[in-house]
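Visitor: A single structure is presented below for examination.
Number of protein chains: 2
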Amino acid sequence: MGRAKRNTSASARPDIHAVARLARVSIATVSRTINNVATVDPRLAQRVWKAIDTLGYSPNTQARALVSGRSRLLGLIISEITNPFFPELIQGFEDVAVQNGYEILISSTNYDPQRMEQCIQRMLERKVDGVAVMTFGIEGPLLDRLAQRQIPLVFVDVAPNGPLFSTIEVDYRHGIREAVQHLAVLGHRRIGFISGPLHLHSARERQSAFLRAIGEIGLKLRPDWLQEGNHTLEGGISVMQKLLDSGDPPTAIMTSNDMTAIGVLHALYKAEARVPEDFSVIGFDDVTIAQFTLPPLTSVQMSRHELARCAVLALRDHLEPQPSSYVPRYKVQTKLIVRQSTGLPAARPFRRGNSRNARKAVAQS
Amino acid sequence: MGRAKRNTSASARPDIHAVARLARVSIATVSRTINNVATVDPRLAQRVWKAIDTLGYSPNTQARALVSGRSRLLGLIISEITNPFFPELIQGFEDVAVQNGYEILISSTNYDPQRMEQCIQRMLERKVDGVAVMTFGIEGPLLDRLAQRQIPLVFVDVAPNGPLFSTIEVDYRHGIREAVQHLAVLGHRRIGFISGPLHLHSARERQSAFLRAIGEIGLKLRPDWLQEGNHTLEGGISVMQKLLDSGDPPTAIMTSNDMTAIGVLHALYKAEARVPEDFSVIGFDDVTIAQFTLPPLTSVQMSRHELARCAVLALRDHLEPQPSSYVPRYKVQTKLIVRQSTGLPAARPFRRGNSRNARKAVAQS
DNA sequence: TGCAGGCGAGATAACGTTTGCGCAGAGGAG
DNA sequence: CTCCTCTGCGCAAACGTTATCTCGCCTGCA
């Protein structure tokens with residue numbers, strides 16, 4: 017009785033009972049219609065859809081999630097949203113997730129394990145169906161906590177074992193080989209590399225891809241041209257300054273990420289060296305702002321959109337049984353984007369205070 | 017019977033009944049304890065908390081939302097996540113929302129009204145408690161759709177009428193006045209301004225703040241030094257080129273956002289002019305990458321964190337009755353951040369191909 | 001024509017909370 | 001000592017779905 021009289025006001029949001037009443041069917045039939053259950057009579061289904069349309073009904077996600085146990089919510093954990101690497105990743109993740117009928121919950125850890133803990137806690141409380149851990153590196157114990165809950169997880173590069181874990185492989189080699197060969201073709205023989213922090217798996221991968229590419233073309237790398245950076249602007253500046261101070265710097269510098277490359281650009285600017293006339297610089301990631309630097313930065317692109325797509329699909333494949341013909345392959349390519357920070361090597365080695373230096377020359381005049 | 021025997025397996029996530037059983041109280045008492053209802057006996061409460069702790073219980077958000085009608089979910093609609101303005105806003109929003117016990121749902125419209133429509137649809141389906149519309153400008157009809165549902169909304173600058181609407185005011189004048197006076201103190205008398213697209217409220221506000229500040233110090237602005245840009249890098253480049261081509265450019269250029277300023281930097285670089293020796297440049301927003309440009313960009317900062325804080329608090333104030341002593345005031349300050357793109361005006365007006373141009377001089381040598 | 005079998009739709013029990021209501025017990029007043 | 005009030009806990013009804021079970025009807029075959 018109470019049930020029968022509920023929800024008669026026009027302003028209230030229609031519920032499944034209202035639809036059922038209007039279509040003169042039971043709520044069960046409405047539910048089946050919505051969920052495309054095959055056994056429902058097409059004529060009834062049409063009545064139901066029409067009722068749904070006229071009422072502007074949309075099912076209550078909370079109730080759905082409560083009974084079905086599936087929230088259609090995907091978690092996305094990233095390191096730091098202000099790092100220009102991530103916004104594009106998020107964008108791609110959102111696009112693909114929404115296409116597949118999922119909503120996303122984003123959390124940034126800011127490299128703080130405790131914050132990471134809270135992120136995971138929040139996601140578990142919201143009952144996410146799966147989590148993409150797109151941070152570089154994850155603490156072991158936290159991973160265990162996630163693993164205990166029966167939630168599918170997807171990672172980049174690093175691959176813990178477990179039936180619910182997926183890994184996205186990045187083919188660093190291809191793009192980095194292209195970059196090295198691009199420099200070699202221009203005539204560079206003195207190529208340096210500033211790595212990321214080597215405790216990160218992805219940084220080690222990039223460095224070894226570089227070393228391999230150098231070896232492939234028969235070049236030998238001077239040990240002091242291989243330096244460890246920390247993936248930050250400041251790191252790039254200080255390492256490049258060290259290279260300059262050494263008195264015998266390479267003519268081209270490749271870096272493990274774009275922030276480091278921008279740091280290199282800053283150091284060179286401060287040392288009054290010109291890019292690409294005195295030094296060629298190549299970044300990695302091809303972050304959006306790489307186009308906006310002066311000069312625009314040549315960089316190895318790793319498609320964030322592709323990465324995001326793989327992540328969502330990997331989770332989806334765990335959650336929804338796919339046709340057996342479907343063979344998942346989570347692999348992301350890299351490729352070189354040539355802009356204006358690379359050019360022919362300088363005829364003579366750069367020296368600080370050299371007359372070839374533009375701004376200094378003017379200052380003296 | 018069924019009820020009594022459920023959920024006895026150790027691996028299952030504990031339920032409110034499990035807690036009640038362990039604490040030897042009813043589920044109602046557990047619920048009241050969790051929600052800090054005053055009438056519960058402190059000694060019972062302690063038993064309940066202890067049981068919650070030992071079981072590692074956390075309430076099911078979906079069930080909670082279903083019965084209480086409140087999802088504790090806040091929507092955040094932005095223009096475009098790859099625009100460097102937004103990530104910091106998101107970060108702040110996330111921080112403050114989580115502090116207040118809310119989770120957030122992010123959606124970017126990419127300036128596409130249809131996509132905006134979908135965003136709103138998705139948010140309504142997830143039954144968000146409130147939405148922050150942080151895009152610059154919103155379509156009227158969409159706003160109406162949001163208004164129909166009884167959902168609190170918060171906007172920036174633009175203020176529709178309605179009991180559920182809040183507006184965050186930005187004090188553009190303060191920061192822009194500081195910028196103009198900073199240039200004036202350095203000795204600039206020829207100050208230009210590149211505005212944003214003037215159909216945007218915020219762009220008009222910034223321009224009028226600039227005009228007012230110029231008037232305050234008794235300067236008069238030559239009409240051709242006031243140009244309309246479009247808040248993009250390309251816009252900045254082309255407008256600056258037009259100013260240079262005019263043959264009588266200002267010595268300092270202020271812009272309506274940082275992307276435009278970066279465009280100006282590019283145009284000047286291409287024209288072989290030096291910053292700040294030949295031209296001073298001031299941006300607006302103080303986006304993260306403003307620190308990374310060459311030279312680092314002087315810019316008027318509008319705190320995204322503050323903006324986000326206001327947005328969350330405005331929504332919260334609608335959702336949760338605040339003590340009467342609490343007087344909300346949603347206002348965001350702006351202030352000048354001086355970096356290295358501003359300096360003394362050039363002694364002589366800049367002319368393209370002038371001997372003062374650094375790189376050209378070298379090329380000739 | 002009668003009966004078995006199958007299929008489609010309706011009734012209803014979950015899902016895990018919050019919350020109004022009633023009731024029991026304690027304490028105070030007459 | 002009795003009655004009334006007040007306080008605090010438990011019972012049970014929602015919340016809006018999905019899924020299982022059941023029942024009725026139609027078809028086809030003997």
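Residue numbers (this note's numbering), protein chains in the order written: chain A, 17 to 381; chain B, 17 to 381.
A virtual CB, placed ideally from N, CA and C, is assigned to each residue, including glycine.
Only a predicted model underlies this, so the values are computations on that prediction, with no experimental measurement involved.
Is there a Cβ from chain B that is less than 7 Å from the Cβ of A:Pro157?
Guide: no
Visitor: Going by beta carbon distance, what residues of the same chain come within less than 6 Å of A:Val170, once the five residues before and after it are set aside?
Guide: Ala148, Ser182, Ala327, Ala330 and Leu331
Visitor: Just to make sure I have the definition right: I need the residues of chain B whose C-beta is within less than 9 Å of the C-beta of A:Ser74. Which are they?
Guide: Gln137, Leu140 and Glu141
Visitor: In angstroms, rounded to a whole number, what distance separates the CA positions of A:Gln307 and B:Gly359?
Guide: About 26 Å.
Visitor: Got a sec, what are the start and stop residues for the beta strand (DSSP E) B:Asp301 sits in?
Guide: Ser296 to Asp301
Visitor: Pull up the distance between the alpha-carbon of B:Arg320 and that of A:Gln78, whole angstroms please.
Guide: If I take the Cα positions, the gap works out to 32 Å.
Visitor: Quick check on DSSP: helix, strand or coil for A:Thr77?
Guide: helix
Visitor: So what does DSSP say about A:Leu105, is it helix, strand or coil?
Guide: helix
Visitor: Can you tell me whether A:Ser262 is buried or exposed, with buried defined as 16 or more other CB within 10 angstroms of its CB?
Guide: exposed
Visitor: Against B:Tyr127, what residues of chain A qualify as contacts under a CB-to-CB distance less than 7 Å, listed in chain order?
Guide: Within chain A, no residue comes near B:Tyr127; the closest Cβ sits about 13 Å away, beyond 7 Å.
Visitor: DSSP three-state call for B:Thr183: helix, strand or coil?
Guide: strand
Visitor: What would DSSP say about B:Met318, mapped onto helix, strand or coil?
Guide: strand
Visitor: What does the Cβ neighbour count give for B:Gln164, buried or exposed, with the cut at 16 atoms within 10 Å?
Guide: B:Gln164 should be labelled exposed.
Visitor: Would you list, in sequence order, the uninterrupted beta strand (DSSP E) runs of no fewer than 3 residues that lie entirely inside the stretch 199-241 of chain B?
Guide: 207-211
Visitor: Does B:Phe308 get closer than 7 Å to chain A when you measure Cβ to Cβ?
Guide: yes
Visitor: Is any beta-carbon of chain B found at less than 7 Å from that of A:Pro103?
Guide: Yes, A:Pro103 counts as interfacial toward chain B.
Visitor: Along chain B, which residues have their Cβ under 7 Å away from the Cβ of A:Tyr285?
Guide: Result: Leu310.
Visitor: Verify the CB distance criterion: does A:Thr151 have a CB-CB separation below 7 Å to chain B?
Guide: Interface with chain B (7 Å Cβ-Cβ cutoff): A:Thr151 is excluded.
Visitor: Quick one: what's A:Glu244 bridged to in DSSP?
Guide: Looking at the DSSP assignment, A:Glu244 forms a beta bridge with A:Ser211.
Visitor: Just the Cα atoms here: how many angstroms apart are B:Pro176 and B:Pro157?
Guide: Roughly 12 Å separates the two Cα atoms.
Visitor: At 4 residues or longer, what runs of the alpha helix (DSSP H) sit wholly inside the stretch 34-75 of chain A?
Guide: 43-50 and 58-71
Visitor: Return the CA-CA distance between A:Tyr346 and B:Val53, expressed in angstroms with no decimal places.
Guide: 50 Å
Visitor: Measuring alpha carbon to alpha carbon, tell me which residue in B:Met256, B:Ala195, B:Ala219 and B:Arg220 is nearest B:Glu232.
Guide: B:Ala195
Visitor: Could you have a look at B:Leu360 and say whether DSSP puts it in helix, strand or coil?
Guide: coil
Visitor: Counting only beta-carbon atoms, is B:Ala81 nearer than 7 Å to chain A?
Guide: yes
Visitor: Within the same chain, show all residues whose beta-carbon is closer than 8 Å to that of B:Ile154, passing over the 5 residues directly before and after it, in chain order.
Guide: For B:Ile154, same chain residues with a beta-carbon under 8 Å away, outside a window of 5 residues either side, are Met132, Phe171 and Val174 in chain order.
Visitor: Who are the Cβ neighbours of B:Asn362 in its own chain at under 7 Å, not counting the five residues just before and after it?
Guide: Here residue 362 of chain B is Ala; the residue named in the question, Asn, does not match the sequence. Here the set comprises Thr267, Glu293 and Asp294.
Visitor: Is it right to say A:Ser42 is buried, meaning 16 or more other beta carbons lie within 10 angstroms of its own, or is it exposed?
Guide: The residue is exposed, with fewer than 16 neighbouring Cβ atoms inside 10 Å.
Visitor: So which of B:His215, B:His217 and B:Leu235 has the shortest CA-CA distance to B:Glu199?
Guide: The sequence given here places Leu at residue 199 of chain B; Glu does not occur at that position. Comparing Cα-Cα distances from B:Leu199 to each of B:His215, B:His217 and B:Leu235, the minimum goes to B:Leu235.
Visitor: List the endpoints of the continuous alpha helix (DSSP H) containing A:Lys143.
Guide: Looking at the DSSP string, A:Lys143 is not in any alpha helix (DSSP H), and its letter there is neither H nor E.
Visitor: For B:Trp65 and B:Thr49, I'd like the C-alpha separation in whole angstroms.
Guide: 8 Å
Visitor: Residues in its own chain within less than 7 Å of A:Thr151 by CB, not counting five upstream and five downstream?
Guide: Ile93, Ile94, Ser95 and Thr125
Visitor: In chain B, what lies closer than 9 Å to A:Leu249 by C-beta?
Guide: Gln307 and Phe308
Visitor: For A:Arg220, is the beta carbon positioned less than 6 Å from some heavy atom of the ligand MG?
Guide: Looking at this structure, you won't find the ligand MG or any other ligand, since it has none at all.
Visitor: Going by C-alpha distance, which of B:Asp57, B:Tyr188, B:Ile136 and B:Glu185 is nearest B:Ile167?
Guide: B:Ile136
Visitor: Excluding sequence positions up to five away, which residues of its chain have a Cβ less than 6 Å from the Cβ of A:Leu237?
Guide: Ile230
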